Every structure is written in structure tokens, then in C-alpha cells.
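What follows is a short report on a single structure.
Numbering (mature numbering (1 follows the signal peptide of the UniProt record, and there is no 0)), first residue to last: -24 to -1, 1 to 111.
Take a look at the structure:
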């Protein structure tokens, strides 16, 4: 008959395995440098921030200002410069990513009010765009 402690090495192996998995979960993949992303493009819809977000803190820690050329993107690193081009009129604006979002399917970027107004009428609300990382 085998006793409970007859195979202590199995407990040790299991404990080390759990420890290694926990340790691996604490590591992170280094963020992609904006320089490595230059030329990356994306197409989809762009919207702009509502007035109620004026001066609220963004995900990067900066305060949102609707007079600045800034934007929210789901994954691009903060500080990345992106050229956003309105497909309908070919007007473009360069914005700095300082927030996360948009979190609505089909939308690829949320622009500040002033950035959106440079490429489209605010009354449109949502436009089709292409984005290109420029820096």
C-alpha cells in the first residue's frame, strides 16, 4: 500500500510547474515602437469625441482637449503620429494617439473635434477613413 508522501517529487514538480506558469503570466511583451509601425495602414470608420469629454483624463494620462490634434486607437502606442484621410474628399490630418478606443465595431479611430473638422463636417458624425502611421 502506498502512502500519501511516497511520491513527494510529484508534488514538487507540480509546484514548480504552477510557479513557472504564474511567473510567465507576469512577463509582458515589449510594446511595438512607433518607428517599427511606420507605413502601417488601416481602413474603417472614424468618429469624434463628444463635448462632455473636454478636459477629462485620457488613457495616456493627458487631458483631452478638443482643440488639439489627438485621437484614440485600440492598440497603437501612445505618442504615435497617424495620418487620417477622409475617403470621400481625400482631406487628411495628422494626429497623435493619446487614448484608447473606439470600442464600437467597425470604428478604427476616434478623433478630437478639431481634427475631425479639418477633414469633414462635424454634422456627419462618422466618416470612412484610411489611417497610416507616419511616426
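We treat Cβ as the ideally placed atom computed from N, Cα and C, and that holds for glycine. These numbers come from a predicted model, not from an experiment.
- Query: Where does residue 52 sit, in a helix, a strand or coil, going by DSSP?
  - Reply: Indexing the chain shown from 1 puts residue 52 at position 76. In the three-state reduction of the DSSP assignment, residue 52 falls in the coil class.
- Query: Closest to residue 85 by CA distance: which of 19, 42, 98, 65 is it?
  - Reply: Position 109 of the chain shown, counting from 1, holds the residue named residue 85. For residue 85, the nearest C-alpha among the options comes from 19.
- Leaving aside the five residues before and after residue 56 along the sequence, list all residues of the same chain whose C-beta is less than 8 Å from its C-beta, in chain order. What you label residue 56 is simply residue 80 of the chain shown in a count that begins at 1. Excluding residues within five positions, the ones whose Cβ falls inside 8 Å are 10, 13, 49, 72, 73, 109, 111.
- Message: On the criterion of 16 or more Cβ atoms from any shown chain inside 10 Å, does residue 98 qualify as buried, or is it exposed?
- Response: On the chain shown, residue 98 is found 122 positions in, with the first residue counted as 1. Counting Cβ neighbours within 10 Å, residue 98 comes out exposed, since fewer than 16 surround it.
- Can you tell me the Cα-Cα spacing of residue 58 and residue 78, whole angstroms? For this step, residue 58 is matched to residue 82 along the chain shown. For this step, residue 78 is matched to residue 102 along the chain shown. Taking the straight line from one Cα to the other gives about 15 Å.
- Query: What's the C-alpha gap between residue 43 and residue 90?
  - Reply: On the chain shown, residue 43 is found 67 positions in, with the first residue counted as 1. On the chain shown, residue 90 is found 114 positions in, with the first residue counted as 1. Answer to the nearest angstrom: the Cα atoms are 5 Å apart.
- Task: Could you work out which residue in 82, 23, 54 is closest to residue 75 when comparing CA atoms only?
- Result: Indexing the chain shown from 1 puts residue 75 at position 99. Out of 82, 23, 54, 54 has the C-alpha closest to the C-alpha of residue 75.
- Do you know how far the Cα of residue 27 is from the Cα of residue 34? As a first step, residue 34 is located in the chain shown; it is residue number 58 there, counting from the start. As a first step, residue 27 is located in the chain shown; it is residue number 51 there, counting from the start. Each residue's Cα considered, the two are about 14 Å apart.
- Beta carbon of residue 104, beta carbon of residue 63: below 8 Å? As a first step, residue 104 must be located in the chain shown, where it is residue number 128. As a first step, residue 63 must be located in the chain shown, where it is residue number 87. Their beta carbons are under 8 Å apart, which means residue 104 touches residue 63 by this criterion.
- Just the C-alpha distance for residue 40 and residue 23, rounded to the nearest angstrom, thanks. Translated into the one-based positions of the chain shown, residue 40 becomes position 64. Translated into the one-based positions of the chain shown, residue 23 becomes position 47. The alpha-carbon atoms of residue 40 and residue 23 are separated by roughly 15 Å.
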